[in-house]
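In terms of this note's numbering, the sequence shown opens at residue -19 and continues consecutively.
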Amino acid sequence: MSTTSIIQTPTPSLETSKAYYQKLGFTEIHADQSVFFSDEKVVVEINPERFARPGIKLFSSDWKTSLQSIEGFCKPHSIDGGHIVSDPSGTWIYLMDGDGPDFKNDAESSILGNYMGVSLEVVDMKAGHSFWAALGFEITMGSAEQGWVAMQNKNGTGISLMKPMSCPHLFYNPSLTYFNGKSNLEVIAKIRESGVLFVEEITQFNAEGVADNVILRDPGGLGFFVFSD
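Here it is as structure tokens:
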């Protein structure tokens, strides 16, 4: 089957990044001679090209209308097979022409738990909403006025936008987000056992000072929020 969205991560060392995702329980899948890992709900492409940046790859047969709609936010940069644009958070979005890579994604869940989309911190919430709406994303929860909004396109790709000063911890744009409720302590224990290091252990939300939320970052700079909610 063809995928309609991919999270791209660069790497200083392909083997180091592959080992990182293997430790987290992601499954390697193959297509188009590129390196992809999946945890069933999200596909991550490890791109060793030196010009690669963390970002989101979206695929469509026609980006003309969307490119016209986002002209007020940024100037698209043409690349082989599509365009690069930047959303109001500064995250690179790769608008790729045609279908995404064709592969069988039979991966199982990683040790990170329940994937809930990509989180982005933006200074201008209204601009963030307008940008993503121009790419076909619709609000599923929250609102720009509330300072948090979840959006999704027709293919099921989800993003969450957060206003400034709402997240009292490190924040990397973009970050994959996992919500595990009460089972998050068990997930954190599995991450410790895997040998993957935490960038931050968050105790602020726990009255007993327990680290019940953690942040990771892969070798290429892509963030991971592994939170209870």
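Just so you know, even glycine gets a beta-carbon here, dropped at the ideal spot from N, CA and C.
Keep in mind it's a predicted model, so treat the numbers as computed, not measured.
- Taken through DSSP and simplified to helix, strand or coil, residue 120 comes out as strand.
- The Cβ-Cβ distance between residue 18 and residue 135 does not fall below 8 Å.
- Distance from residue 98 to residue 156 at the Cβ level is roughly 6 Å; contact confirmed, criterion being Cβ atoms closer than 8 Å.
- If you ignore the 5 residues before and after residue 62, its C-beta comes within less than 8 Å of the C-beta of 43, 74, 75, 76 and 77, all in its own chain and listed in chain order.
- Per DSSP, the beta-bridge partners of residue 37 are -14 and 74.
- DSSP, read as helix, strand or coil, puts residue 99 in strand.
- Ranked by how close their Cα comes to the Cα of residue 190, the residues 181, -13, 197 and 196 have 181 in first place.
- A distance below 8 Å between beta-carbons, with the five flanking residues on each side excluded, links residue 175 to the following residues of its chain, in chain order: 3.
- The Cβ-Cβ distance between residue 22 and residue -13 falls below 8 Å.
- The closest CA to that of residue 25, considering only 206, 199, 209 and 208, is found on 199.
- In the three-state reduction of the DSSP assignment, residue 22 falls in the coil class, being assigned neither a helical nor a strand state.
- Pairing residue 54 with residue 40 gives a Cβ-Cβ distance that is not under 8 Å.
- Burial check for residue 164: the Cβ neighbour count within 10 Å reaches 16 or more, so the residue is buried.
- Between the alpha carbons of residue 167 and residue 8 lies a distance of about 21 Å.
- With respect to the 8 Å criterion, residue 89 and residue 20 are classified as neighbours on the basis of their beta carbons.
- At least 8 Å separates the beta-carbon of residue 150 from that of residue 100.
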